[in-house]
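What follows is one structure encoded as C-alpha cells, with my remarks underneath.
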Amino acid sequence: MVREVLSGDGQAGVGLVDAMSPTEIEQEALDHVWIHMQPWHELAENDGLHVFERGEGSTLWDTRGREYLDGIAGLWVVNAGHGRREIAEVMAEQAGKLAYASASSFTTPPAARLAHTLAELTPGDLNRVFFCSGGSEAVETAVKIAKQVQAMRGFPRRYKVIARRGSYHGMTMGAMSLTASRNETYFGPFMYGVSHVPHPNRYRSDFGVEGEQADIMAARYVEQEIENQGPETVACVIGEPVSSAAGVHVPSPTYWRMLREICDRHGVLLICDEVINGFGRTGKMFATEHFGIVPDIMTIAKGLSSGYAPIAAAIVRDSVFDSFKQQGMVAMGHLLTFGGHPVAAAAAQRNLQIFADENLVRQSAEKGEYLKARLEELRSHPSVGDVRGVGLLCAIELVRSKTNKTKWGKDSIFAKRVEALLMERGFITRTWEVMHFAPPLVVTRDEIDRMVAIADEALTIAEREHEAEFEA
Ligand SMILES: Cc1ncc(COP(=O)(O)O)c(C=O)c1O
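Each residue of the sequence shown is one higher than the last, beginning at 115 in this note's numbering.
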C-alpha cells in the first residue's frame with residue numbers, strides 16, 4: 115500500500131485515499147495513527163473510531179456517512195464554521211505563489227497584512243506580533259518575552275510565573291508547567307518558579323464568599339502570592355480571561371481590573387491567554403474587552419484561522435517592544451521555523467475578512483444569549499448544578515448533589531456515559547466536570563435547539579442509569 119501511495123504520477127496518494135473504503139482507512143488509522151485521548155480498547159474493539167472527512171457550517175460527516183453536530187467547533191477552533199471554500203482558495207493561491215520564507219530574518223506580504231490587521235483588532239497598544247504555529251508555542255513565546263523583558267529592564271531575578279489552578283495553557287514542557295493538570299509523575303520536574311493560585315469561581319468559591327466578593331478574594335490572592343514569592347522575583351501572571359479548562363467561570367470586570375492594577379504596582383507583566391477566548395468566542399472579538407483591560411502580552415491561536423491552517427501569535431504592547439528596541443536589536447532567544455507561514459497567514463486574513471463581512475462577533479453574542487437561555491431549561495435535571503458562560507462559550511456543571519454541589523470526581527463515569535450518549539445521538543462535545551457548548555459562531559438556532567434536546571435526552575438516560583449514585 116505504501117509503495118502504491120508513493121509511486122505513480124504524483125496524484126496517486128490523493129486518488130488512492132478517495133478510492134479506499136471506510137474500513138480500509140479505519141484500519142490504517144488503527145494501525146498507525148496515535149489517537150491518545152480515548153481508551154484504546156474503545157477505539158480498536160468497540161467501534162469507537164471516527165474518521166471525519168467533510169464539514170459544512172456546524173455539521174461534520176465521517177467516512178461512513180454518519181452526521182454530527184459539532185458542539186465544540188473542533189476544539190474551540192472552527193469559529194467561522196466548516197467548509198469555507200473562500201479560505202481554501204486563498205490558501206491554494208498563496209501556496210502557488212510562495213509557500214515559505216523564514217520569519218526570523220524576513221517576512222511575507224500575508225504575514226505583514228495579518229500583523230497589521232491584528233494590531234488594529236486587538237485592544238489598546240497591542241501592536242507587535244510574534245507569529246507561531248499553535249497555542250502552546252504562543253504561550254511559550256509569551257513567557258519567554260516576559261522573562262527577557264524583565265531581564266533587559268534590569269531585573270534578571272524576575273523569572274517566576276504565577277498561573278491559576280484549573281487552567282490549561284498547552285502541553286509543550288514550558289506551557290505544560292503552567293497547566294494546572296500537568297502530570298508530575300510522567301513529566302516532572304517542570305519549569306522552575308511556577309506557582310498556581312485560586313481561580314475565580316462563584317459557584318464553589320475557595321473563600322466561602324459569594325458573587326463578586328469571590329472574584330475580589332481571588333484577585334487579592336494573586337497579590338498575596340506576588341508578595342509571598344517576593345515581587346522582585348516575579349516576571350509575570352498568566353490567565354485566560356474566561357477559562358474553559360477551569361470550568362467556564364466568568365469573572366466580573368473587577369477581578370481583571372484588580373489584576374491589571376496589582377501587576378502594574380509590582381512591576382509584573384500580565385499575560386492574557388486568548389487562545390480559546392479570542393476571535394468572537396465570548397461575544398467580543400477578545401474576551402479582555404469584557405473587562406476593559408489591556409494585557410502586556412496576549413496569546414492567540416485556534417480561531418485566528420478558524421482551524422484552516424495552524425497559526426498562532428504572542429502580541430505585545432508598545433512598552434514591551436520598546437524595551438527590545440532600546441537594546442539596539444530586537445532579537446529574542448527564540449526561533450520557530452513555521453511562525454508566520456504565508457499560507458497560514460493568508461488563511462487567517464481571509465478568515466478575519468469573513469468575521470467582518472458576516473459580523474460573526476455579534477452573531478456569537480446574540481446566539482450565545484439564546485444558547486444560555488435554552489441551557490437554563492436543563493437546570494431541572496438532578497445532575498445540572500450550574501449553567502454558565504458568555505457568548506458561545508457556555509457550559510453546564512454536572513454534580514451528584516445540587517444541594518451540596520458534590521462533584522462526580524476525576525475521570526467521572528457519569529460524564530463519560532453522558533459524552534457517549536451524546537455521540538451516539540450525533541452531538542460532539544467535551545464533557546468532564548462540565549459539559550461544554552461552544553459550536554462554530556455560524557451555528558443556527560435550530561442547531562442549538564437540537565444540541566439542547568440531545569443533551570436533555572442524554573442526561574435523562576445517564577441519570578436513570580446512575581440513580582443510586584446521586585446524593586440526597
Ligand atoms: C487557553 C489555551 N492556551 C493554550 C492552548 C494550547 O494550544 P495548542 O493545543 O494549539 O498548543 C490551549 C489549547 O487548548 C488553550 O485552551
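C-beta atoms are modelled at their ideal positions from N, C-alpha and C, and glycine is treated no differently.
Because the structure is a prediction, the values reported are computed rather than measured.
Counting pairs of beta carbons, one from the stretch 278-298 and one from the stretch 351-366, are three or more of them closer than 8 Å? yes
Could you give the DSSP three-state label for A349: helix, strand or coil? Here residue 349 is taken as the residue at index 235 of the sequence shown, counted from 1. Reduced to three states, the DSSP call for A349 is strand.
Out of curiosity, what's the CA-to-CA distance linking E561 and A187? The count along the sequence shown starts at 1 and reaches residue 561 at position 447. The count along the sequence shown starts at 1 and reaches residue 187 at position 73. Their Cα atoms are separated by approximately 13 Å.
Range covered by the beta strand (DSSP E) that runs through I139: Within the sequence shown, numbered from 1, the residue matching residue 139 stands at position 25. Note, I139: premise wrong, no beta strand (DSSP E); alpha helix (DSSP H) at 136-146.
Looking at C-alpha atoms only, which residue of W190, K516, I510, A265 is the closest neighbour of V548? Locating residue 548 in the sequence shown gives position 434, counting from the first residue. Considering only alpha carbons, the answer is I510.
Which whole-angstrom value is the C-beta distance of G447 and C246, which I expect to be below 8 Å? Walking along the sequence shown from the start, residue 447 turns up at place 333. Walking along the sequence shown from the start, residue 246 turns up at place 132. That pair is no contact at about 14 Å.
Of the choices A289, E324, D320, whose alpha-carbon is the least far from that of V308? On the sequence shown, residue 308 is found 194 positions in, with the first residue counted as 1. Out of A289, E324, D320, A289 has the C-alpha closest to the C-alpha of V308.
Just checking: is the beta-carbon of H313 within a distance shorter than 8 Å of some beta-carbon in chain C? You won't find chain C in this structure, because it holds only one protein chain.
Between the C-alpha atoms of F541 and A194, what's the straight-line distance to the nearest angstrom? Here residue 541 refers to the residue found at position 427 of the sequence shown. Here residue 194 refers to the residue found at position 80 of the sequence shown. So the alpha carbons of these two residues sit roughly 19 Å apart.
Measuring CB atoms only, is the stretch 297-304 touching the stretch 335-342, in the sense that at least three cross pairs come out at less than 8 Å? no
What residue range does the alpha helix (DSSP H) around A368 cover? The count along the sequence shown starts at 1 and reaches residue 368 at position 254. The identity of residue 368 in the sequence shown is Thr, whereas the question assumes Ala. From DSSP, the alpha helix (DSSP H) with T368 extends over 367-380.
Cα-Cα, which of G442, Q441, G482 is closest to T558? By one-based count along the sequence shown, residue 558 stands at place 444. Residue G482 holds the alpha-carbon nearest to the alpha-carbon of T558 among G442, Q441, G482.
heavy atom of ligand 1 below 7 Å from L189 C-beta: By one-based count along the sequence shown, residue 189 stands at place 75. It does: the Cβ of L189 is within 7 Å (strictly closer) of some heavy atom of ligand 1.
Opening and closing residue of the alpha helix (DSSP H) in which L95 lies: Because the chain is modelled from 115 through 586, residue 95 falls outside the range shown and cannot be assessed.
In this structure, what does DSSP give as the bridge partners for L183? Working through the sequence shown from its first residue, we reach residue 183 at position 69. The partner list for L183 (beta bridge, DSSP) reads T173, F541.
Per DSSP, which residues does E388 bridge with? Please list them. Here residue 388 corresponds to residue number 274 of the sequence shown, with the count starting at 1. None; E388 has no bridge partner.
Confirm, please, whether the CB-CB distance from P136 to R199 is below 8 Å. Here the question's residue 199 lines up with position 85 in the sequence shown. Here the question's residue 136 lines up with position 22 in the sequence shown. No; because the gap between Cβ atoms is not below 8 Å, this pair is not in contact.
Counted within 10 angstroms of its Cβ, other Cβ atoms place I634 as buried (16 or more) or exposed: Lying outside 115 to 586, the shown extent of the chain, residue 634 is not represented and no answer is given.
CB of G417 to nearest heavy atom of ligand 1: below 7 Å? The residue given as residue 417 occupies position 303 in the sequence shown. No.
Is any heavy atom in ligand 1 found nearer than 7 Å to the beta carbon of D387? As a working mapping, residue 387 is identified with position 273 in the sequence shown. Within the cutoff, so yes.
So E533 packs on T545, CB below 8 Å; how close in whole Å? Start at 1 with the first residue of the sequence shown, and residue 533 comes out as number 419. Start at 1 with the first residue of the sequence shown, and residue 545 comes out as number 431. With a Cβ gap of about 4 Å, E533 and T545 count as contacting.
Bridge-paired residues (DSSP) for E511: If you number the sequence shown from 1, residue 511 lands on position 397. In the DSSP output, where bridge partners are listed per residue, E511 has D500, V548.
What residue ranges within the stretch 441-503 form continuous alpha helix (DSSP H) runs of no fewer than 4 residues, ordered along the chain? 456-472, 474-490
Evaluate E585 with the Cβ neighbour count: other Cβ atoms within 10 Å of its Cβ, from every protein chain shown; 16 or more gives buried, anything less gives exposed. Along the sequence shown, one-based indexing puts residue 585 at 471. So E585 ends up on the exposed side.
Roughly how many angstroms lie between the CA atoms of I411 and P496, to the nearest whole one? Counted from its first residue, the sequence shown places residue 411 at position 297. Counted from its first residue, the sequence shown places residue 496 at position 382. Roughly 42 Å separates the two Cα atoms.
Nearest-angstrom Cα distance between V263 and R296? Residue numbering aside, residue 263 sits at position 149 when the sequence shown is read from its first letter. Residue numbering aside, residue 296 sits at position 182 when the sequence shown is read from its first letter. Cα to Cα, V263 sits roughly 27 Å from R296.
In three-state DSSP terms, what is L555? Locating residue 555 in the sequence shown gives position 441, counting from the first residue. Of the three classes helix, strand and coil, the one that applies to L555 here is coil, per DSSP.
Does at least one heavy atom of ligand 1 sit under 7 Å from the Cβ of E254? What you label residue 254 is simply residue 140 of the sequence shown in a count that begins at 1. No - ligand 1 has no heavy atom lying nearer than 7 Å to the Cβ of E254.
Is it buried or exposed, E354, if we count other Cβ atoms within 10 angstroms and call 16 or more buried? For the purposes of this step, residue 354 is identified with residue 240 of the sequence shown, where counting begins at 1. E354 is buried by the Cβ-count criterion.
Option in A552, H550, K530, E159 with minimal Cα separation from I575: Your numbering for residue 575 matches position 461 in the sequence shown. Nearest of A552, H550, K530, E159 to I575, Cα basis: K530.
Rounded to the nearest angstrom, what separates Q314 and S172 at their Cα positions? As a first step, residue 314 is located in the sequence shown; it is residue number 200 there, counting from the start. As a first step, residue 172 is located in the sequence shown; it is residue number 58 there, counting from the start. Strictly speaking, residue 314 in this sequence is Pro, with Gln absent from that position. Going by the C-alpha atoms only, they are around 31 Å apart.
Exposure label - M599; buried when at least 16 CB within 10 Å: An answer regarding residue 599 cannot be provided, because it is not within the stretch 115 to 586 covered by the chain.
Taking 8 Å as the cut-off, does the stretch 388-396 touch the stretch 463-481 (at least 3 CB pairs, one atom from each stretch)? Yes: the two stretches touch, three or more of their Cβ pairs being nearer than 8 Å.
Bridge-paired residues (DSSP) for T413: For the purposes of this step, residue 413 is identified with residue 299 of the sequence shown, where counting begins at 1. In the DSSP output, where bridge partners are listed per residue, T413 has D387, A428.
When you compare each of V356, Q152, E577 to G162 by their alpha carbons, which one comes out closest? Along the sequence shown, read from residue 1 onward, the residue named residue 162 stands at position 48. It is Q152 whose Cα lies nearest to the Cα of G162.
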